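Using our numbering, read the sequence shown as starting at 361 and increasing by one per residue.
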Amino acid sequence: MRLLITAAALGVLCFSNLAASGLQAADWTQWRGPNHNNVADRGQTVPTSWNASQNVAWKVSVPGRGHSSPIAVGNLIVLTSADEQGQQQGVFGFDRQNGTMKWGTAISKGGFPKLHAKNTHASSTACSDGQQVYATFNHHNKVEAVALDMDGKIVWKQDVGSFVPKQYQYGYAAAPTLYLGKLIVSGDSDTVAWVKALDTKTGRIVWQQNRPARLNWSSPIVANVAGKEQLLISGCEMIASYDPTTGKPLWSQPCLTMATCGTVVWDDDTIYASGGYPKKQTVAVKADGSGEIRWSNTVKCYEQSMIFHNGHLYAIDDGGIAFCWHAKTGREMWKTRLRGPVSASPVLVGDTIYASNERGTTFVFKANPQRFEPIAENQLGEESFASPTVVDNRILLRVATGSGASRKETLYAIGSK
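The structure is reproduced here in structure tokens:
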């Protein structure tokens, strides 16, 4: 089944520019959303209960397999995916209003590395500046970045850097991020490690920095914290800060553990991060390079990122235990057992948190620091690794059913039709 090529062969590469409706809210243009923190824009409202037939605005089959989250830009929903049997990686554009596939573009063929069973060959979420869509893939012992126009046509490709982990061949996962005309891409492994910025118009590498040669899978993110914009990456036994314009290192704070997968979160002057190998740790670090570690505990939020809201930090660990901490002090406000395992990151909509586990169950509860306040549990599909996206008063969920040759992925838009 060569679905990546079939999409083009069937003539779906032509994209119709639909007029934006009054319901269209702000775009969700990259991993972690419009504010880089997995918090939906104000005014978004989505259902708290659903199933395969209830509150489904639309659903569409997704070719191949991937754990990347959908992004929403203009009239498009964009996903990356991979045909593992045919060793092809591709990018797909769907109609934002009704889910119809508009185009599918094959990016690479062959050279697939070994993977952890939970990883895929399309785990990095795409991003967009409204003019182009950008995606990164690992194949042939390298990370490749690609830019496509909004019709799905390739504008440029660039080999960003070598990626050849040795001790644990678990694959690639970091999502790229955009900053002022630059596509920032990282590649941490135990043979070579780097972070680089590419010019979005040409793909040319405009700056690069070496990083410690350690196994790590977290994504870079740009935050305005401690009075300046900082490019932040956790893992490699530290939190590191860079100038996103030049790549110049600003500071690094030894802490955490070697391997993290989640992306950091922050408030006005503090960065929060968690890791899971070889030790368990969640930390709060002052973001000014002073070396102050404000607090630390032994909770392991390895694959998923956390949520900061109204002075409190909310997290779901790998085993499905939900936590709330007072952000400045680390004091535990409450914890409660949901069900794991968990890989997807929770999303905050208003004062409500949506958190999915690997088995397709989404737990809905209030961001209430005084107590755990459950709202609903919703089952959709049998497998869920991608983090939710919230746009147009809908929550987009990428789920799968079946296994082996019978496995199928579906993208659901939960909300009003």
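The C-beta atom is built at its ideal place from N, Cα and C for all residues, glycine as well.
Computed from a predicted structure; not experimentally measured.
Reference residue i; option with closest CA among the options
i	options	result
W567	V585, P525 and I544	I544
P473	L436, D489, F523 and D548	F523
D511	L436, Q527, G541 and D559	L436
H476	V515, Q447 and Q527	Q527
G531	T480, T606, N395 and H427	T480
R392	V406, K502 and P580	P580
G649	H672, C684, I681 and Q613	Q613
A495	T460, V506 and K695	V506
A573	F454, S413 and D550	D550
L771	G403, E444, Q390 and F452	F452
A442	G470, G459 and I755	G470
Q529	V520, T712, H499 and A535	H499
S763	M598, G424, R731 and G607	G424
N397	F668, T689 and K726	F668
Q518	S468, A727, A553 and P525	S468
C621	F745, I735 and N458	F745
S409	A736, D489, S488 and R691	A736
Sequence-distant residues of its chain with Cβ nearer than 6 Å to residue i (five each side left out)
i	result
V624	L592, S594, I631 and A633
D677	V659, K660 and C661
A715	I676, P706 and F723
V438	I431, G453, A486 and V493
Y539	V582 and P604
Enclosing beta strand (DSSP E) for residue i [first to last residue]
i	result
L421	Correcting the residue type first, residue 421 is Ser in the shown sequence and not Leu. Taken as a continuous stretch (DSSP letters only), the beta strand (DSSP E) holding S421 covers V416 to V422.
A412	First-last for A412: undefined, no H or E at that position.
V582	I581 to V585
W611	P609 to P614
L740	Note, L740: premise wrong, no beta strand (DSSP E); not H, not E.
A727	Here A727 belongs to no beta strand (DSSP E), and DSSP marks it neither H nor E.
V555	W554 to D559
Q569	I565 to N570
L708	V707 to V709
Y714	T712 to S716
F472	Per DSSP, F472 belongs to no beta strand (DSSP E) and is neither H nor E.
Secondary structure of residue i, DSSP reduced to three states
i	result
S484	coil
A385	Note that A385 scores a pLDDT of 49, beneath 50, so its modelled location is shaky; the value from the coordinates is reported in the next line. Here A385 sits in coil by DSSP.
S766	helix
M693	strand
R654	strand
H672	strand
S776	coil
L538	strand
K688	coil
P701	coil
Beta-carbon contacts of residue i that lie in its chain and below 8 Å, excluding the five residues immediately before and after
i	result
K561	G541
T405	V709, G710 and N753
N670	A727 and P729
Residues near residue i in its chain [Cβ-Cβ closer than 7 Å; skip 5 each side]
i	result
A619	L575, N576, W577, G595, G635, G636 and Y637
A760	G741, E742, E743, R767, K768 and E769
K646	D629, T630, E652 and R654
V515	Q492, A507, L508 and D509
S776	A417 and N753
Residues sharing a beta bridge with residue i, DSSP
i	result
T498	The question names Thr, but residue 498 in the sequence shown is Asn. DSSP lists V503 as partners of N498.
M598	G595 and P614
K517	V506
F683	A675 and K695
A746	Answer by DSSP bridge pairing: none, since A746 is not bridged.
P394	Looking at the DSSP assignment, P394 forms no beta bridge with any residue, so it has no partner.
Y637	A619
Cutoff 8 Å: residue i Cβ touching any chain B Cβ
i	result
R392	No chain B appears in this structure, which consists of one protein chain only.
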